[in-house]
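Below: one structure, written as structure tokens.
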Amino acid sequence: MIQIIAVLCSLSSPADCQEKTVTTSDFADITLTSCLMGAPQLAEWMQQFPNKRLAKWRCVIGAPSKGV
33 MIQIIAVLCS LSSPADCQEK TVTTSDFADI TLTSCLMGAP QLAEWMQQFP NKRLAKWRCV
93 IGAPSKGV
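So the sequence shown is residues 33 to 100, counted in the numbering used here.
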């Protein structure tokens, strides 16, 4: 499994950033290549956070970690 971990920052307070795990069971077939290229699902997922901007993301191989 490949996880996509996104860093979202507030539009009103750019220094206020947090990590969110993007990968869900819906994205279970994400390849490392598509993750590194910005997985198309990332844009759709970002619609849930209209007051945030995507600062960066990273790809992690392995099971989802707790607390992220």
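Backbone N, C-alpha and C define an ideal beta-carbon position, used for all residues, glycine too.
Nothing here was measured: the structure is a model prediction, and the numbers come from that model.
Residue i to residue j span [Cα, whole Å]
i: residue 34; j: residue 83; result: 26 Å
i: residue 70; j: residue 87; result: 12 Å
i: residue 37; j: residue 47; result: 18 Å
i: residue 44; j: residue 85; result: 10 Å
i: residue 62; j: residue 41; result: 24 Å
i: residue 72; j: residue 93; result: 18 Å
i: residue 64; j: residue 89; result: 13 Å
When the options are compared against residue i, the one with the closest alpha-carbon
i: residue 19; options: 94, 73 and 39; result: Residue 19 falls outside the range modelled here, since the chain spans only 33 to 100, and no answer is possible.
i: residue 91; options: 55, 42 and 41; result: 55
Helix, strand or coil at residue i according to DSSP, with G and I counted as helix
i: residue 75; result: helix
i: residue 100; result: With a pLDDT of 46 at residue 100, under the threshold of 50, the modelled position of this residue cannot be trusted, and the question is left open.
Beta-bridge pairing of residue i - partner residues as DSSP gives them
i: residue 49; result: 41
i: residue 91; result: 36
Interface flag, residue i vs chain E, CB-CB below 7 Å
i: residue 34; result: Here there is only one protein chain, and chain E is not present.
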